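Asker: For reference, the structure I am asking about is given below.
4 protein chains.
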Amino acid sequence: MAGQPDALAHLAAFADRRRDPDAKKQAVLQTAVQIFIEKGYWQTSLDDVAKKLKITKPALYYYFRNKEEIYLECYRRGIALTQHSLDKIRSHQGSGLEKVAGFIQTYTVIVARDFGRFLVRQDDRELSPKAQAEVRAEKRKIDHCLRSFIEQGIADGSVRPCNVRLVSFSLAGAVHSLATWFEPGGALTAEEVAAEFAQTLTQGLANRRSAKLRIPDFEPIQIPAKLSHGEMRS
Amino acid sequence: MAGQPDALAHLAAFADRRRDPDAKKQAVLQTAVQIFIEKGYWQTSLDDVAKKLKITKPALYYYFRNKEEIYLECYRRGIALTQHSLDKIRSHQGSGLEKVAGFIQTYTVIVARDFGRFLVRQDDRELSPKAQAEVRAEKRKIDHCLRSFIEQGIADGSVRPCNVRLVSFSLAGAVHSLATWFEPGGALTAEEVAAEFAQTLTQGLANRRSAKLRIPDFEPIQIPAKLSHGEMRS
Amino acid sequence: MAGQPDALAHLAAFADRRRDPDAKKQAVLQTAVQIFIEKGYWQTSLDDVAKKLKITKPALYYYFRNKEEIYLECYRRGIALTQHSLDKIRSHQGSGLEKVAGFIQTYTVIVARDFGRFLVRQDDRELSPKAQAEVRAEKRKIDHCLRSFIEQGIADGSVRPCNVRLVSFSLAGAVHSLATWFEPGGALTAEEVAAEFAQTLTQGLANRRSAKLRIPDFEPIQIPAKLSHGEMRS
Amino acid sequence: MAGQPDALAHLAAFADRRRDPDAKKQAVLQTAVQIFIEKGYWQTSLDDVAKKLKITKPALYYYFRNKEEIYLECYRRGIALTQHSLDKIRSHQGSGLEKVAGFIQTYTVIVARDFGRFLVRQDDRELSPKAQAEVRAEKRKIDHCLRSFIEQGIADGSVRPCNVRLVSFSLAGAVHSLATWFEPGGALTAEEVAAEFAQTLTQGLANRRSAKLRIPDFEPIQIPAKLSHGEMRS
DNA sequence: CATGAATGAGAGTTCATTCAT
DNA sequence: TATGAATGAACTCTCATTCAT
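Chains as they are written, first to last, in the working numbering: chain A, 310 to 543; chain B, 310 to 543; chain C, 310 to 543; chain D, 310 to 543.
Quick look at the structure:
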């Protein structure tokens, strides 16, 4: 339901002087990521971000060391969101195939939303080597997670034997392509697309004997309020 | 075999004053696209390109009107390459599934190479509206082509009934993700990866009865020497 | 007396960080117009202007959108100056001939000074079409004003019947030529030249019976401190 | 009648390889001066000139050392044209007032044409000091010539006593203003305007007793075919 | 004679970033 | 805390000018 957090709500964060600084950081990120998605990171100037927030450019420097840190923080939020969801699926009791389906569904929803979209569209080449290393490690974790689901599926017979690495890659790639394509506010909601994706992509994966797949309902993801520098869920 | 054209060969194009100007244009594009891939378009300055070619920056303006035209021309080359290959597959006699497999294989090889990679990684949002329109029309053609293969497959029974739009999207997405991931000079050649991709991705698509798929051998793509303004194969 | 505002006074405007921004805008214009007059607009680089103000080039962009806006603003100032003076003469009670004389005198002084000089020497072809339209409309107003004075003079018998359009044109042309010729700091002050111009040019215009013309004393023009975008006296 | 030399005629000069080089120089100047007038010297690139002549940029360097020399040569042509006409008037037998009228008429026609217009509109500040000196000396001669006519008029009683310097300046200024204003191909021909100017401007100058002025008919000026480097009529 | 190709110098402009307040 | 002002570094692009052919 909640879906995209309201941009206006974020502007409000800057309305009062005294106010939760974390909320303001949030607001900056939320605004930034939307412009990044709309125009691309390099074509977005800090002035663009500041103007939309109705603050001044130097004010941004109070919350972030520089432009790259905003970029990185958006990236981190995207990753954290994903990790969050994966935790739920990991702990779910069910067949490997179910978990794979859950992964696809959850991940799709994330990728259709702001931070996930940014995560997937914006290349991590553009980060500094240090930041890149950090981010890639996290991305790899996500990939490994999906692979483990597939492997579990092969082990428990719900998934047809296959080249795990390649399949994992293909599934993720299919979902990623959504980031370019999906337009929020279009005919289908993110959840609807996600459900269809989960169905379709797992079809080819399922072992013949398996009946129609029941995808467990992983509730929608909440954006964690805080995520201070350096710290990151793993 | 040939694979990536040798960068040094292109440097040579500028060795003599008087020489095939098309070769020089080629050389600029080839060099530019490599740097674009390496560092991203926005982080690449024309000085970077010029320096690598051992010419001066304004010399580039002798061959291209501006930076965006270089960008666009790289894009066009990527698209033309793809269209080229699709033509071969379209005219191939075989089941829909075979064509899909052919598409995946061919497209994968292209996406693992310079211009294809650029095409897939660089967002077309960044082009001017006019250029964007041109490019998107071509991209849509490619997508439609893949869909028609799938539909043919469903019609001839080689492909399991499915949501064509979604499947087409997923297949393309899977291949695209390769652009980020594939490192030329790595353990696997582009062709090897392509073959594996074609096998794996079509597995889930094939109708049960179908025996192991025989993927026809579509010979490697040649980069067409010239590709003058405006002209483009469709 | 005051006459040309002191360039050094303007440099002072940038001495302090925090200071009347309008004063700084003023200072930029004053400095720019002087260099424009000295070397011509096209041979003047923004670096020239900045250097003379002892600031850096991009600082100029804090006050003006681009070079043309500086140009245009100088133009506007020249026009506003003229309009200002004309208002006084329009409201003056006296014969048409007296008003013509007043026009010549006042206009001459303006044309001998910075902004007026710039206005007259620099071609408005060089402005963007939009700016050109704006500026030409104002110029036409000035021309019409002079014509109305002449017509009044003919009506009240102080001016000999003549081709109004041509005479108006010639008078203005005569004054304009001063912009090229007059060197501030030369033997004659602008006011002296102006008085002589007013006498000489009206001599041929006066009806025979009229005794020696008494030119009313229109006090020297003050440069209005502010002249914000878009606003302009008419 | 002849009026503006035909631009197409000049293009023809470059049609054949072997051909009068002076004719080609002519053609360059004629074309250049037209573009200069249309867009201004600084906004005109040598490419513009070359393109209009359907030759290449470096070819211009065969005929002229650099851009400034083209500029200067246009200037020289304008001056030579004027000098040419003045010679005729100087040798004319008649009152001073008649000569003044003749000056105005002749000069007006010149100023309404290409080279004269350029001469008057384009500032000589833009020339190198050396060229400036040359040109200004010539301009001064023209001014002196007009003054001598006025003085002769005062001496022979045809002109009312006046401040010669100022009147001479005003007359010239009035004519100059035409350069900005006159549009060839408009309602009035240059000759018509010239006649009217001569009438109007001398009216105020004439002594009362003088009857309607008869302006002698100085035939239209021919553009001298050749005018090689450095040489100039005085 | 003329051209295609290339260059060097410089222009205007943008923008992340930093002070001083 | 937040801002107005300013900067430095970079970038794209233009253009007069010059070779080599």
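Glycine is no exception: its CB is placed at the ideal position from the N, C-alpha and C atoms.
Treat the numbers as computed from the prediction; the structure is a model and nothing was measured.
(1) Among all the DSSP beta bridges, which residues are the ones paired with residue 515/B?
(2) Could you give the distance in angstroms between the alpha-carbon of residue 490/C and the alpha-carbon of residue 460/D?
(3) Looking at chain C, is there any beta carbon in it that lies within less than 8 Å of the beta carbon of residue 340/D?
(4) Excluding sequence positions up to five away, which residues of its chain have a Cβ less than 6 Å from the Cβ of residue 329/B?
(5) Any idea what DSSP makes of residue 494/D, helix, strand or coil?
(6) Quick check: residue 483/D and residue 483/C, are their CB atoms within less than 8 Å of each other?
(7) So if I threshold CB-CB distances at 9 Å, which residues from the segment 443–475 of chain A count as touching chain B?
(8) Quick one: grab the DSSP three-state call for residue 436/B.
(9) Out of 341/A, 421/A, 368/A and 403/A, point me to the one whose CA is closest to residue 383/A's CA.
(10) Residues of chain A with a CB under 8 Å from the CB of residue 509/B: which are they?
(11) Counting pairs of Cβ atoms below 8 Å between the segment 331–339 of chain D and the segment 354–374 of chain D, do you hit three or more?
(12) Using Cβ-Cβ distances below 9 Å, what residues of the segment 357–387 of chain C are close to chain D?
(13) Please work out which residues of its chain come closer than 6 Å, Cβ to Cβ, to residue 447/A, disregarding the five sequence neighbours upstream and downstream, and give them in chain order.
(14) Can you name the residues of chain C whose CB is closer than 9 Å to the CB of residue 513/D?
(15) Which ranges does the alpha helix (DSSP H) cover as unbroken runs of at least 4 residues, wholly within the segment 334–398 of chain D, from first to last along the chain?
(16) Can you find the residues in the same chain that come closer than 8 Å, C-beta to C-beta, to residue 365/A, ignoring five residues on each side of it along the sequence?
(17) Would residue 471/D pass as a contact of residue 417/C if the rule is Cβ separation under 8 Å?
(18) Return the CA-CA distance between residue 438/A and residue 345/A, expressed in angstroms with no decimal places.
(19) Would the C-beta of residue 459/C count as close to the ligand GTP, meaning under 7 Å from any of its heavy atoms?
(20) Give me the Cα-Cα distance between residue 361/B and residue 351/B, rounded to the nearest whole angstrom.
(21) What does the alpha-carbon distance come out to for the pair residue 445/C and residue 349/C?
(22) Taking the straight line between their C-alpha atoms, what separation do you get for residue 457/C and residue 357/C?
(23) Rounded to whole angstroms, what's the CA-CA distance from residue 481/D to residue 368/C? Just pull it up for me.
(24) Going along the segment 486–497 of chain D in order, which residues come within less than 8 Å of chain C, judged by CB to CB distance?
(25) At a Cβ threshold of 8 Å, is residue 505/B touching chain A?
(26) With a cut-off of 8 Å, does the C-beta of residue 329/C fall near any C-beta of chain D?
(27) How would you list, in chain order, the residues of chain A whose beta-carbon sits under 8 Å from the beta-carbon of residue 434/B?
(28) Would you mind sorting residue 453/A into buried or exposed? The rule is 16 or more other CB atoms within 10 Å of its CB.
(29) Using C-beta distances below 7 Å, list every residue in its chain close to residue 513/D, excluding the 5 sequence neighbours before and after it, in chain order.
(30) Which residues of chain A have a Cβ atom closer than 7 Å to the Cβ of residue 421/B, listed in chain order?
(31) Using CA atoms only, rank isn't needed, just tell me which of 511/B, 516/B and 499/B is closest to residue 423/B.
(32) Please state whether DSSP places residue 508/B in a helix, a strand or coil.
(33) Could you work out which residue in 442/A, 450/A, 399/A and 412/A is closest to residue 505/A when comparing CA atoms only?
(34) On the DSSP letters alone, give me the boundaries of the alpha helix (DSSP H) that residue 405/C sits inside.
Answerer: Taking the definition as stated:
(1) The residue labelled residue 515/B in the question sits at position 206 within the second sequence. Paired residue(s): 468/B.
(2) Stepping through the third sequence from its first residue, residue 490/C is reached at position 181. Stepping through the fourth sequence from its first residue, residue 460/D is reached at position 151. One C-alpha to the other measures close to 21 Å.
(3) Mapped onto the fourth sequence, residue 340/D falls at position 31. Chain C, which has no Cβ nearer than 8 Å to the Cβ of residue 340/D, makes this no.
(4) For the purposes of this step, residue 329/B is taken as the residue at position 20 of the second sequence. Taken in chain order, the list of residues that qualify is empty.
(5) Numbered from 1 along the fourth sequence, position 185 holds the residue referred to as residue 494/D. Three-state result, residue 494/D: coil.
(6) As a position in the fourth sequence, residue 483/D is number 174, starting the count at 1. As a position in the third sequence, residue 483/C is number 174, starting the count at 1. Result yes, Cβ atoms of residue 483/D and residue 483/C sit closer than 8 Å.
(7) 469, 471, 472 and 475
(8) Position 127 of the second sequence, counted from the first residue, corresponds to residue 436/B. It is coil, neither helix nor strand.
(9) The count along the first sequence starts at 1 and reaches residue 383/A at position 74. That would be 341/A, whose Cα lies nearest to the Cα of residue 383/A.
(10) Translated into positions along the second sequence, residue 509/B becomes position 200. The contacting residues are 471, 472, 475, 476 and 479.
(11) yes
(12) none
(13) The residue labelled residue 447/A in the question sits at position 138 within the first sequence. Counting only Cβ-Cβ distances below 6 Å, and skipping sequence neighbours, we find 388.
(14) For the purposes of this step, residue 513/D is taken as residue 204 along the fourth sequence, with counting starting at 1. What residue 513/D touches in chain C: 469, 471, 476, 510, 511, 512, 513, 514 and 515.
(15) 355–362 and 366–372
(16) Position 56 of the first sequence, counted from the start, is the residue given in the question as residue 365/A. Cβ neighbours of residue 365/A beyond the five flanking positions: 359.
(17) By one-based count along the fourth sequence, residue 471/D stands at place 162. By one-based count along the third sequence, residue 417/C stands at place 108. No, the Cβ-Cβ distance between residue 471/D and residue 417/C is not below 8 Å.
(18) On the first sequence, position 129 is the one that residue 438/A refers to. On the first sequence, position 36 is the one that residue 345/A refers to. Answer to the nearest angstrom: the Cα atoms are 21 Å apart.
(19) Of the ligands one can find in the structure shown there are none, so the ligand GTP has no counterpart to examine.
(20) What you label residue 361/B is simply residue 52 of the second sequence in a count that begins at 1. What you label residue 351/B is simply residue 42 of the second sequence in a count that begins at 1. Using only the alpha carbons, I get a separation of about 17 Å.
(21) Position 136 of the third sequence, counted from the start, is the residue given in the question as residue 445/C. Position 40 of the third sequence, counted from the start, is the residue given in the question as residue 349/C. The straight-line gap from Cα to Cα measures roughly 20 Å.
(22) Stepping through the third sequence from its first residue, residue 457/C is reached at position 148. Stepping through the third sequence from its first residue, residue 357/C is reached at position 48. If I take the Cα positions, the gap works out to 42 Å.
(23) On the fourth sequence, position 172 is the one that residue 481/D refers to. On the third sequence, position 59 is the one that residue 368/C refers to. Whole-angstrom Cα-Cα distance: 43 Å.
(24) 486, 487, 489 and 490
(25) As a position in the second sequence, residue 505/B is number 196, starting the count at 1. By this cut-off, residue 505/B is an interface position.
(26) The sequence position of residue 329/C within the third sequence is 20, counting from 1. Chain D, which has no Cβ nearer than 8 Å to the Cβ of residue 329/C, makes this no.
(27) In the second sequence, counting from the first residue as 1, residue 434/B sits at position 125. Residues of chain A passing the Cβ test: 348 and 349.
(28) In the first sequence, residue 453/A corresponds to position 144, counting from 1. It is exposed - the Cβ of residue 453/A has fewer than 16 other Cβ atoms within 10 Å.
(29) Counted from its first residue, the fourth sequence places residue 513/D at position 204. Cβ neighbours of residue 513/D beyond the five flanking positions: none.
(30) Residue numbering aside, residue 421/B sits at position 112 when the second sequence is read from its first letter. What residue 421/B touches in chain A: nothing, since even the nearest Cβ is about 13 Å away.
(31) By 1-based counting over the second sequence, the position of residue 423/B is 114. Minimum Cα distance to residue 423/B is reached at 499/B.
(32) If you number the second sequence from 1, residue 508/B lands on position 199. Residue state, collapsed to three classes: helix.
(33) One-based indexing of the first sequence puts residue 505/A at position 196. When each option's Cα is compared against that of residue 505/A, the closest is 412/A.
(34) The residue given as residue 405/C occupies position 96 in the third sequence. Start and end: 405–421.
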